[in-house]
Amino acid sequence: MARKKINPNIRYVNSFADEVRYILRQRSPLRYLFHRFRWNYYPRLYKVSGFPDHVDIETCSHCQLHCPMCFQTVRDDIKNGMMEFSLFQRIMDEVSSRKPYSIRLSWRGECLLHPEFNKMLGYARSVYSGNISFLTNGLKLDAELFDLLIRNKIDYIVISADGVEKTYNEVRRPGKFQELVAKLALLQEMKRKRSSRYPMVRINTVSLWFKDDECSEFNRTFLPFADKLLIGSTLNTFSSLKVEHDSDSFCASPWQRLLIAWNGEVYPCCSDYVGLYPMGNITTQTLADIWHGPKAEHIRKLIRDRRRLELQLCREIDCGVDEIPNDSSEAFVSLVRRQVEKDVGPATSLLKYLGKRSN
Numbered sequence: 003m004a005r006k007k008i009n010p011n012i013r014y015v016n017s018f019a020d021e022v023r024y025i026l027r028q029r030s031p032l033r034y035l036f037h038r039f040r041w042n043y044y045p046r047l048y049k050v051s052g053f054p055d056h057v058d059i060e061t062c063s064h065c066q067l068h069c070p071m072c073f074q075t076v077r078d079d080i081k082n083g084m085m086e087f088s089l090f091q092r093i094m095d096e097v098s099s100r101k102p103y104s105i106r107l108s109w110r111g112e113c114l115l116h117p118e119f120n121k122m123l124g125y126a127r128s129v130y131s132g133n134i135s136f137l138t139n140g141l142k143l144d145a146e147l148f149d150l151l152i153r154n155k156i157d158y159i160v161i162s163a164d165g166v167e168k169t170y171n172e173v174r175r176p177g178k179f180q181e182l183v184a185k186l187a188l189l190q191e192m193k194r195k196r197s198s199r200y201p202m203v204r205i206n207t208v209s210l211w212f213k214d215d216e217c218s219e220f221n222r223t224f225l226p227f228a229d230k231l232l233i234g235s236t237l238n239t240f241s242s243l244k245v246e247h248d249s250d251s252f253c254a255s256p257w258q259r260l261l262i263a264w265n266g267e268v269y270p271c272c273s274d275y276v277g278l279y280p281m282g283n284i285t286t287q288t289l290a291d292i293w294h295g296p297k298a299e300h301i302r303k304l305i306r307d308r309r310r311l312e313l314q315l316c317r318e319i320d321c322g323v324d325e326i327p328n329d330s331s332e333a334f335v336s337l338v339r340r341q342v343e344k345d346v347g348p349a350t351s352l353l354k355y356l357g358k359r360s361n
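Here you go:
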């Protein structure tokens, strides 16, 4: 078998020097390096650790945006909700005793929509000393939240930002590009005044909106504020468009992490946004039991045996491991264009750009 690729669908913009600085800013650089070794090599060795290195806790699966390429926009089979605080406490109590390297307080939705998110953030830090992060579209970031993040030494936030200026404003409507830049500048100034390195900032973008003529402007805008810039491949989230998989492609996720949905259901993959492979439920089981349980072992065995496509999840969902060039697919771009016309409105420059992509 060819060398297994881990996270082949993403690439970082940062230089080697930026990467070294990023490592040195970690709470414990040595522990971070050991975590990255486990993250990359345990899956290659098929080694199952005693507990996952990372746990995603979906505090909220709702999102207030309708980005035309997102599963939240194009799928109608997602059960959205918000996690009850009592369930969050139960999860964090086990997490604090097991001490995984990191947790993320979000998954499919915008976690800052949860009315008790700040309370959850404070409780998580009070019982767990490891790496805490969350994903956000950035619209609800403000000085009050920045103050909370700095005081609780939240390790980093991941902000999704696609394109610059007009492209961003159309894709992430009603978000405004310059408002996001101003928020990042405010966070940087607040950290400087308090001599704090927390929270670090990672900016994520998808390649579909990363125009060639915008790459330098994107980097020039965000590198002064971001500790990492990440470009991810655009995934096919349309159920009407078949995904072409390679049975030899390797998925490392079942050796790395667990994902807990807002209702307590536990999944092995961040792309299982419609819940095709539930492995258990934290309301009746422990995370440790699910991690070592029969459904977890089954998916690992199928991946080891190159039989992962026997699973509906791996067969129907584009998770990125196959490195499918959706950006250059006329059928995919056509579906995104229709979504722009339907949900985003008269975004004429965006439609013109998509027309060029599919020609």
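First residue of the sequence shown: 3, per this note's numbering; consecutive thereafter. Beta carbons are placed, not taken as given, at the ideal position from N, Cα and C, and that holds for glycine. Quick caveat: nothing in here was measured; it's all calculated off a predicted structure.
Taking the Cβ atoms as the reference, residue 235 lies roughly 6 Å from residue 209, within the contact range of under 8 Å. Distances from the alpha-carbon of residue 89 to those of 266, 301, 170 and 248 put 266 closest. The C-beta of residue 303 has fewer than 16 other C-beta atoms within 10 Å across all chains shown, which makes the residue exposed.
For residue 253, the secondary structure class from DSSP, reduced to helix, strand or coil, is coil. No residue range can be given for residue 166, since it is assigned to no beta strand (DSSP E) and is classified by DSSP as neither H nor E. Counting only residues of its own chain and dropping the five nearest sequence neighbours on each side, residue 118 has a CB closer than 6 Å to the CB of 87. Taking the Cα positions, residue 56 is about 13 Å away from residue 96. Taking 8 Å as the cut-off, the Cβ atoms of residue 238 and residue 326 count as close. In the structure shown, the three-state DSSP call for residue 57 is strand. The DSSP-derived three-state label of residue 200 is coil. For residue 125, the uninterrupted alpha helix (DSSP H) segment begins and ends at 119-129.
Contact annotation, residue 179 with residue 166: C-beta distance approximately 6 Å; criterion of less than 8 Å satisfied.
A residue is called buried once 16 or more other Cβ atoms fall within 10 Å of its Cβ, and residue 35, having fewer, is exposed. Within the segment 251-293, the complete beta strand (DSSP E) segments at least 3 residues long are 259-262 and 267-269, listed from N- to C-terminus.
Residue 230 is classed as buried because its beta carbon has at least 16 other beta carbons within 10 Å across all chains shown.
In summary, residue 226 is exposed, with fewer than 16 beta-carbon neighbours lying within 10 Å of its beta-carbon over all protein chains present. If you draw a straight line from the Cα of residue 77 to the Cα of residue 70, it is about 11 Å long. Distance from the CA of residue 291 to the CA of residue 109, rounded to the nearest whole angstrom, comes to 22 Å. For residue 231, the enclosing beta strand (DSSP E) begins and ends at 230-234.
Burial check for residue 163: the Cβ neighbour count within 10 Å reaches 16 or more, so the residue is buried. Residue 245 is positioned such that its CB atom lies no closer than 8 Å to that of residue 152.
Fully contained in the segment 317-356 are the following alpha helix (DSSP H) runs of length 4 or more, in chain order: 332-341.
Exclusion of the five residues before and after residue 48 leaves 257, 302 and 306 as the residues of its chain whose Cβ lies within less than 8 Å of its Cβ. Per DSSP, residue 106 lies in no alpha helix (DSSP H); the unbroken beta strand (DSSP E) holding it starts and ends at 104-106. Around residue 357, the same chain offers 339 as residues with beta carbons nearer than 8 Å, after the five sequence neighbours per side are excluded.
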